Structures are given as structure tokens and as C-alpha cells.
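First up is the structure itself, then whatever we jot down about it.
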Amino acid sequence: MTMESAPAPGAGQATAVQAPTVHPPRRGDGGTRELGGGRAAVRFAPAAQLLGADAAALAGTFALCAPAGWPWPVVAVQAVAQVLLHAYRGLYRLGLSPSVLSEVPALLGLSLLQWYVTMEVVDVWAPAHAFGWAVLAYAAAVQTLLCASARAVVHRIRHRAAIRNPLSTLIVGHGPVARQVVAALYDHPGYGLRPVGRVAASAGPDASAASTKDAAAPPDVVKLPVLVTPQEVGRAVVQNSVRHAVFTAPPESTPDGAALFALLTGHGCRVWLVTGDTAVATRPAGGRPDHLWGFAAHPLQDGTHRPVSHAAKRVMDAFLAGTGLVLLSPLMALCALAVRLSDGPGVIFRQERVGRHGRPFVLLKFRTLRPADAQESATRWNVASDGRMSRAGRLLRRSSLDELPQLWNVLRGDMSLVGPRPERPFFVAQFSRTHPGYQARHRMPVGITGLAQVNGLRGDTSIEERARFDNRYIETWSLWQDACVLARTVGSFFRLGGS
Numbered sequence: 048m049t050m051e052s053a054p055a056p057g058a059g060q061a062t063a064v065q066a067p068t069v070h071p072p073r074r075g076d077g078g079t080r081e082l083g084g085g086r087a088a089v090r091f092a093p094a095a096q097l098l099g100a101d102a103a104a105l106a107g108t109f110a111l112c113a114p115a116g117w118p119w120p121v122v123a124v125q126a127v128a129q130v131l132l133h134a135y136r137g138l139y140r141l142g143l144s145p146s147v148l149s150e151v152p153a154l155l156g157l158s159l160l161q162w163y164v165t166m167e168v169v170d171v172w173a174p175a176h177a178f179g180w181a182v183l184a185y186a187a188a189v190q191t192l193l194c195a196s197a198r199a200v201v202h203r204i205r206h207r208a209a210i211r212n213p214l215s216t217l218i219v220g221h222g223p224v225a226r227q228v229v230a231a232l233y234d235h236p237g238y239g240l241r242p243v244g245r246v247a248a249s250a251g252p253d254a255s256a257a258s259t260k261d262a263a264a265p266p267d268v269v270k271l272p273v274l275v276t277p278q279e280v281g282r283a284v285v286q287n288s289v290r291h292a293v294f295t296a297p298p299e300s301t302p303d304g305a306a307l308f309a310l311l312t313g314h315g316c317r318v319w320l321v322t323g324d325t326a327v328a329t330r331p332a333g334g335r336p337d338h339l340w341g342f343a344a345h346p347l348q349d350g351t352h353r354p355v356s357h358a359a360k361r362v363m364d365a366f367l368a369g370t371g372l373v374l375l376s377p378l379m380a381l382c383a384l385a386v387r388l389s390d391g392p393g394v395i396f397r398q399e400r401v402g403r404h405g406r407p408f409v410l411l412k413f414r415t416l417r418p419a420d421a422q423e424s425a426t427r428w429n430v431a432s433d434g435r436m437s438r439a440g441r442l443l444r445r446s447s448l449d450e451l452p453q454l455w456n457v458l459r460g461d462m463s464l465v466g467p468r469p470e471r472p473f474f475v476a477q478f479s480r481t482h483p484g485y486q487a488r489h490r491m492p493v494g495i496t497g498l499a500q501v502n503g504l505r506g507d508t509s510i511e512e513r514a515r516f517d518n519r520y521i522e523t524w525s526l527w528q529d530a531c532v533l534a535r536t537v538g539s540f541f542r543l544g545g546s
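In our numbering, the protein residues as written are 48 to 546.
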């Protein structure tokens with residue numbers, strides 16, 4: 048990894064020096080933002096706020112326009128229709144520079160459609176409450192005005208939040224456009240993106256020419272680490288909680304661009320194409336065109352992105368975890384009693400693990416080892432023959448009953464029932480350096496069980512083979528595969544093969 052400089056506000060280009068690591072973004076007050084915590088909230092807060100704004104606008108519209116005694120089913124159907132239509136038009140997905148004025152045409156068109164359908168439905172189902180075109184036009188205008196006003200407030204709040212808490216961002220590319228994009232993001236923090244590194248995508252002789260230009264640049268610059276290998280990129284994404292990546296050339300235009308695009312989207316990064324010309328991405332966009340301080344910005348989306356399927360996976364996880372906690376509560380009580388009688392107080396073991404996209408969380412298990420100090424617990428590799436393990440702990444470990452408290456982690460959303468097993472941050476950093484595919488395991492939610500585990504890769508087994516199975520699971524994921532892994536897990540639950 049090297050260090051490349053980009054123009055500081057009002058500065059020129061850059062020179063390159065050595066740098067050991069990528070650093071996370073800074074808060075507006077100069078402090079370093081805590082990594083990992085609250086990433087789910089950061090990700091879904093804009094959509095939730097916009098949903099609330101739309102709901103308030105619709106309620107206000109009904110209060111001002113709808114006659115008293117309207118059938119509640121009609122109101123409920125229109126509320127659902129509003130959410131679906133706005134989601135279809137991408138109105139819940141914030142861009143780099145959201146503007147309520149650019150949303151007004153879509154809001155007006157969808158409001159007219161909503162009220163036209165409502166007019167026809169009421170005319171058939173509740174003719175006593177039928178209304179005409181004048182009411183339709185008035186209601187659509189009021190709803191558009193209220194929606195636009197509420198959304199303007201949300202955009203203002205999000206703009207201020209973006210300045211206070213920018214998201215870690217990687218710049219993929221070289222040359223003047225890459226340096227100008229970095230400078231624009233530093234000059235205009237309202238975009239909410241804070242560059243923490245640059246990925247040196249190979250681009251033949253032009254890349255060498257760009258490096259030569261950089262070497263002749265003035266010293267008053269913002270210096271960014273340069274990531275060269277996929278392993279460095281993967282580690283940087285996980286360790287710095289990178290949420291956005293900005294390509295300065297279409298991914299397919301460079302030899303390793305497509306692989307970088309797959310790596311970044313696999314880690315959950317939102318990817319943008321920002322070019323200095325009028326080139327348009329040939330890859331399907333994941334939303335409306337945008338701009339970054341005058342540069343055209345196109346959101347790029349992974350072709351394997353399946354939000355509906357992943358939402359179904361989350362619903363299945365929550366339902367099965369909640370049901371399991373209820374049905375298995377007597378067994379869990381017996382396990383807790385066994386640990387208490389064998390090893391004394393403190394039946395639940397808590398330890399930090401690394402989840403999806405590098406987000407840390409606290410994993411719960413029944414305690415199977417006698418207490419160790421925090422440093423030893425975080426860095427010691429445990430095996431089934433560990434001398435600190437009591438008889439009760441050995442039985443729980445071999446039968447995998449010690450994993451049952453993780454159903455609570457699943458219910459909370461920290462984990463999934465099926466996925467790569469989570470590991471401690473110390474070992475994630477170590478294995479990511481020594482095993483090329485290890486960091487790619489964090490593209491999916493971690494799980495209680497997984498494809499590697501049902502194939503016997505548990506405990507003190509090959510990390511390389513585990514990563515291979517985990518990545519195969521991710522690349523071929525389906526709900527049916529999850530069901531098969533769960534069925535195989537239940538079948539082997541009491542074969543005493545745990546670790």
C-alpha cells in the first residue's frame with residue numbers, strides 16, 4: 048500500500064509516499080467516528096424518515112380533502128399504494144444531492160394516479176362517498192404540496208447529519224478526475240462522503256502517466272492511502288466500514304474494474320460512476336442519475352442484488368428465531384443450570400465478533416470455558432481439548448447446545464440462522480492477511496450454522512477451506528439452500544461433533 052495525495056481545498060495535485068493503513072473518516076468536530084456501531088441505523092434511517100414524511104403528508108391530505116366517514120379500507124389501501132409507488136420510483140433511495148424540486152414531478156404524477164384509482168374504487172365499492180375530478184385535482188395538489196414540504200425538511204435534516212457524520216468512501220481510479228472528486232468531497236461535506244483511500248485500478252499506460260503527473264504536484268494536498276491488491280481493498284472495506292465507492296471510469300473499461308466492482312458490491316458498498324465526460328454507464332443503474340459538484344454521477348448496481356429475497360431471509364430468520372426461543376426455553380434453562388452448577392455464576396458468555404460488512408456485534412453463548420482475561424479471550428484460538436473446559440462445557444460444546452443463546456442475536460438482526468460463522472476482530476484481521484478469500488465472507492450476514500459447518504469444517508479445521516465453502520454459499524445463495532443447511536444442521540445436532 049502506498050500513499051497518494053489529492054488536492055486539498057484550493058490546492059493542486061499530489062506526490063506519493065509510503066503509508067501503513069487506511070484511516071476511518073473524521074467527524075465534523077475532528078474526532079474519529081466509531082466504526083461499525085449503528086451501521087444498520089445509518090443505512091435505513093433515510094428511508095424511514097421519508098416514509099414518515101409521506102405518511103404525515105397523506106394523513107394531512109385526508110384530513111383536508113376526504114369527506115367524513117370515508118371507508119377505512121380505502122384509506123389503508125391508498126397508504127400501501129403510496130409506499131409501493133414511491134418505492135418503485137426510487138423516492139426512498141437518497142442520492143448524493145437530493146432535491147425536493149427534482150422530486151415534485153414524480154410526486155405529482157403518483158398523487159394523480161393514487162387519487163384516480165381511489166376515485167374509481169370508491170365509485171364501485173362505496174358510491175355514497177364518490178367524488179369527481181375537481182376533488183381529485185385538489186387532493187393530488189394538496190398531497191404533492193404536503194409531501195414536498197415534509198421531504199424538504201427530511202432532506203435538510205439529512206444534509207446536516209451528512210456533514211456531522213460522513214461515510215467512509217473509496218475512490219477507484221487515477222488521474223485528474225479522481226483527484227478532483229476527492230477535492231470536491233473535502234470541499235463540500237454536504238455530500239456525506241469522506242474519502243479514506245484510493246484504489247489503483249489498472250489502466251495500462253495512462254495509469255503510469257497519471258502517477259508521473261502526481262509526482263510533480265504541489266505539496267499542499269490531502270494524502271490518501273493507495274490500495275493495490277484485492278486483499279488490501281477487502282481489508283480496508285471491513286476494517287473501515289466503507290459504505291460508498293466512487294469509480295472514475297466504467298468498471299468494464301479497466302482490466303480489474305469488474306472484479307473490483309464485484310468485490311465492493313459484495314461487501315455492501317453503494318457504487319457510483321463519476322466521470323469527467325458525458326460517458327454513460329452501460330451497466331444498469333440502481334437509481335436516478337445524480338451529480339457530484341457538477342460531475343455526472345450514476346449509481347451502479349450489482350446484477351445479483353436481490354433485496355426482496357434478502358428481506359424474505361430476514362423475515363424467516365426472525366420468525367424461526369422467535370419460535371425457537373419459545374420452544375427451546377426449557378432446554379436452555381437446563382443448559383444454564385448445568386453451567387451454573389459446574390462453573391459458578393455467569394452462565395452467558397459475551398464476546399465481540401465481526402458481522403456483515405465488518406460491523407462488530409456482541410455474540411452470546413453459554414459459557415463453556417473457565418473465565419480468561421479480556422486480552423486472552425480476544426486473541427486465544429480455542430479448540431475442543433482446551434484444558435479450561437469443564438465437563439458441562441465440553442458436553443455443551445460437542446452437542447452445539449452452547450450456541451442456543453445466539454437465537455437472540457438472530458432475533459436482534461446481528462446474525463442470520465445460516466451464514467458464515469462470525470469470528471473475533473483479531474482473527475479476522477489475521478486471516479484476511481493470510482487467506483485471500485477470507486474477507487469476502489463478510490458479504491452476507493454471519494450465521495449460527497453454515498455450509499462449511501454442515502460439511503464438517505468446525506473448530507480447529509482449515510480456515511482456507513472454511514472460507515472457500517462460505518464464499519460458495521454466498522455466490523449460490525437461495526432460501527432453499529438455507530432450508531437445506533438448516534435441515535442438515537438439525538440432523539447432526541446431537542451427533543456430538545461440535546467444537
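Backbone N, C-alpha and C fix where the C-beta goes; we use that ideal spot for every residue, glycine too.
Since we're looking at a predicted model, the values are computed, not measured.
According to the Cβ coordinates, are residue i and residue j closer than 8 Å?
| i | j | result |
| --- | --- | --- |
| Asp390 | Val465 | no |
| Leu154 | Pro93 | no |
| Val549 | Val219 | There is no way to answer for residue 549, as the model of the chain reaches only from 48 to 546. |
| Asp449 | Leu443 | yes |
| Val200 | Cys112 | no |
| Pro242 | Leu271 | yes |
| Val501 | Arg535 | yes |
| Ala197 | Ala104 | yes |
| Arg400 | Glu470 | yes |
| Thr216 | Leu193 | no |
| Gly237 | Ile210 | yes |
| Ala380 | Phe413 | no |
| Val284 | Leu311 | yes |
| Pro118 | Ala173 | yes |
| Asp101 | Gln129 | yes |
| Val121 | Thr165 | yes |
| Ser463 | Gly494 | yes |
| Met436 | Leu410 | no |
| Ala487 | Gly313 | yes |
Going by CA-CA distance only, name the one from the options that's closest to residue i.
| i | options | result |
| --- | --- | --- |
| Asp337 | Val537, Glu150 and Val243 | Glu150 |
| Pro277 | Phe294, Asp303, Lys270 and Trp172 | Asp303 |
| Pro223 | Phe342, Ile210, Arg471 and Gly497 | Phe342 |
| His357 | Gly369, Gly315 and Gly393 | Gly315 |
| Leu274 | Pro297, Gly244 and Ser300 | Gly244 |
| Pro467 | Pro145, Ser509, Tyr233 and Gly402 | Gly402 |
| Leu454 | Val475, Thr496, Val285 and Ala487 | Thr496 |
| Arg226 | Ala95, Glu511, Leu311 and Thr322 | Thr322 |
| Thr108 | Gln125, Ala476, Arg205 and Arg387 | Gln125 |
| Pro452 | Pro346, Cys531 and Phe396 | Phe396 |
| Ala305 | Val285, Leu347, Leu183 and Pro152 | Leu347 |
| Gln96 | Met436, Arg488 and His202 | His202 |
| Arg317 | Ser479, Ala175, Leu143 and Ser447 | Leu143 |
| Pro509 | Arg490, Thr481, Trp527 and Ala476 | A quick correction: the sequence has Ser, not Pro, at residue 509. Minimum Cα distance to Ser509 is reached at Thr481. |
| Ala115 | Ala175, Ala296, His133 and Trp162 | Ala175 |
| Thr295 | His221, Ser376 and Trp180 | His221 |
Rounded to whole angstroms, how far is the Cβ of residue i from the Cβ of residue j, which I believe are closer than 8 Å?
| i | j | result |
| --- | --- | --- |
| Leu307 | Val246 | 6 Å |
| Leu160 | Arg136 | About 11 Å; that fails the 8 Å criterion. |
| Ala514 | Gly484 | 5 Å |
| Asp461 | Phe516 | At roughly 22 Å, the Cβ-Cβ gap does not stay under 8 Å, so Asp461 and Phe516 are not in contact. |
| Ser146 | Gly281 | With 8 Å as the limit, Ser146 and Gly281 do not qualify as a contact, their Cβ atoms being about 35 Å apart. |
| Val373 | Val386 | About 21 Å; that fails the 8 Å criterion. |
In the structure shown, what three-state DSSP assignment does residue i receive?
| i | result |
| --- | --- |
| Gly391 | coil |
| Trp117 | coil |
| Gly244 | strand |
| Ala296 | coil |
| Pro452 | coil |
| Gln528 | helix |
| Thr322 | strand |
| His133 | helix |
| Leu138 | coil |
| Asp337 | strand |
| Val289 | coil |
| Leu274 | strand |
| Pro152 | helix |
| Pro93 | helix |
| Pro236 | helix |
| Leu98 | helix |
| Leu307 | helix |
| Leu416 | strand |
**Message:** Which complete beta strand (DSSP E) runs does the region 456-490 hold, if anything under 3 residues is left out?
**Reply:** 463-465
**Request:** Could you tell me which uninterrupted alpha helix (DSSP H) segments, each at least 4 residues in length, are contained entirely in the region 354-414, listed from first to last along the chain?
**Result:** 354-374 and 376-390
**Every unbroken alpha helix (DSSP H) within the region 163-231, with a cutoff of 4 residues, ordered by chain** = 180-211
**Prompt:** In the region 494-518, which residue ranges form an unbroken beta strand (DSSP E) of at least 3 residues, counting only runs that do not cross its ends?
**Reply:** 494-496
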